[in-house]
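Asks:
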Amino acid sequence: MGKTWRTIGRWVIVIMAAVYIVLLIHFTFFPFPASESRGQQTTEEIMAAVELDPLDSIRRSLGHVNWGLGRGNRVPLRLFIFNHTGNLVLLMPLAMFLCYFLPPKIGKLRIWLICGLVSVGIELAQLALSLHFGLRYRVVDLLDIIENVLGAGLILLIATIIGALGRRFRSAYRRRASRTTLDVKKDI
Numbered sequence: 029m030g031k032t033w034r035t036i037g038r039w040v041i042v043i044m045a046a047v048y049i050v051l052l053i054h055f056t057f058f059p060f061p062a063s064e065s066r067g068q069q070t071t072e073e074i075m076a077a078v079e080l081d082p083l084d085s086i087r088r089s090l091g092h093v094n095w096g097l098g099r100g101n102r103v104p105l106r107l108f109i110f111n112h113t114g115n116l117v118l119l120m121p122l123a124m125f126l127c128y129f130l131p132p133k134i135g136k137l138r139i140w141l142i143c144g145l146v147s148v149g150i151e152l153a154q155l156a157l158s159l160h161f162g163l164r165y166r167v168v169d170l171l172d173i174i175e176n177v178l179g180a181g182l183i184l185l186i187a188t189i190i191g192a193l194g195r196r197f198r199s200a201y202r203r204r205a206s207r208t209t210l211d212v213k214k215d216i
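Numbers 29 to 216, taken from my numbering, label the letters of the sequence shown in order.
#1: Closest to Glu72 by CA distance: which of Leu155, Gly144, Gly100, Ser147 is it?
#2: In terms of residue numbering, what span does the alpha helix (DSSP H) encompassing Arg88 cover?
#3: With respect to the alpha helix (DSSP H) encompassing Val167, which residues constitute its N-terminal and C-terminal limits?
#4: Rounded to a whole number of angstroms, what is the C-alpha to C-alpha distance between Val168 and Trp140?
#5: For Glu79, list the residues DSSP reports as bridge partners.
#6: For the candidate residues Pro104, Val103, Asn176, Gly114, whose alpha-carbon lies nearest to that of Cys143?
#7: Just verifying my parser: in three-state terms, what is the DSSP assignment at Thr70?
#8: Give me the Cα-Cα distance between Leu163 and Ala76, rounded to the nearest whole angstrom.
#9: Give the secondary structure of Gly135 by DSSP, where H, G and I count as helix, E and B as strand, and everything else as coil.
#10: What three-state label does DSSP hand Phe60 in the structure shown?
#11: Rounded to whole angstroms, how far is the Cβ of Ala46 from the Cβ of Met124, which I believe are closer than 8 Å?
#12: Would Phe129 pass as a contact of Phe60 if the rule is Cβ separation under 8 Å?
#13: Between the Cα of Leu137 and the Cα atoms of Gly100, Ser85, Leu178, which residue gives the shortest distance?
#14: Go through its chain and collect everything with a Cβ distance to Phe108's Cβ below 8 Å, but skip five positions before and after it.
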């Protein structure tokens, strides 16, 4: 019975990983712009819109938030929170799935680097699609990469801490259990 549940659990994790990959592709690339909106911007305009200064990107976003709040509009604040929280959370499941599927000798640092490469790949693919469609339908931003990598690093750090605490509690439980059995044997 135990092996059956392990096999079912593994298949559930594989299905969850597949669903996550589909959702990751959906949230980062779709919807594509309508075909009638193609070619509205030149390549130079698209390349000039690439955000390479993360602090400037944050300043601009906070400026929109302040502008909206000054007029009683909370939508820019919600968009700011949604965007930055979403970027932090976006690659957290990927980091955990990589920890599960890759051998432990790979290490969390390499998994973190893989997540960074995936984030760079997503941004480059968004840039390539923007150039292909001839308009900026997705914002290509260095801050997105930084937030994705920070989120993956944060979840790996949390997993490391929880793993260390779990090992400590297990070893304390085993020590206590072995002392208890020794005490029982002495009494006999």
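Using N, Cα and C, we set each Cβ at its ideal position, and we do this for glycine too.
Replies: Looking at the atomic coordinates:
#1: As a working note, residue 72 is residue 44 in the sequence shown. Looking at the Cα atoms, Leu155 is the closest of the given residues.
#2: Sequence index remark: in the sequence shown, residue 88 carries index 60 (1-based). Unbroken alpha helix (DSSP H) run through Arg88: 82 to 98.
#3: To locate residue 167, count along the sequence shown from 1; it is residue 139. Taken as a continuous stretch (DSSP letters only), Val167 belongs to no alpha helix (DSSP H), as it is neither H nor E.
#4: One-based indexing of the sequence shown puts residue 168 at position 140. One-based indexing of the sequence shown puts residue 140 at position 112. For Val168 and Trp140, the distance between alpha carbons rounds to 21 Å.
#5: What you label residue 79 is simply residue 51 of the sequence shown in a count that begins at 1. BP columns for Glu79 point to Asp169.
#6: Residue mapping note: residue 143 aligns to position 115 of the sequence shown, counting from 1. Here the closest residue by C-alpha is Asn176.
#7: On the sequence shown, residue 70 is found 42 positions in, with the first residue counted as 1. The answer is coil: DSSP assigns Thr70 none of H, G, I, E or B.
#8: Residue mapping note: residue 163 aligns to position 135 of the sequence shown, counting from 1. Residue mapping note: residue 76 aligns to position 48 of the sequence shown, counting from 1. About 12 Å.
#9: Reading the sequence shown from its first residue, position 107 is the one you call residue 135. In the structure shown, Gly135 sits in coil (DSSP, three-state: anything other than H, G, I, E or B).
#10: Here residue 60 refers to the residue found at position 32 of the sequence shown. Three-state result, Phe60: coil.
#11: Sequence index remark: in the sequence shown, residue 46 carries index 18 (1-based). Sequence index remark: in the sequence shown, residue 124 carries index 96 (1-based). Not quite, the Cβ-Cβ distance comes to about 14 Å (not below 8 Å), so this is no contact.
#12: As a working mapping, residue 129 is identified with position 101 in the sequence shown. As a working mapping, residue 60 is identified with position 32 in the sequence shown. The Cβ atoms of Phe129 and Phe60 do not sit closer than 8 Å to each other.
#13: As a first step, residue 137 is located in the sequence shown; it is residue number 109 there, counting from the start. With distances taken between Cα atoms, Leu137 lies closest to Leu178.
#14: Taking the first residue of the sequence shown as 1, we reach residue 108 at position 80. Contacts found: Ser89, Leu90, His92, Val93.
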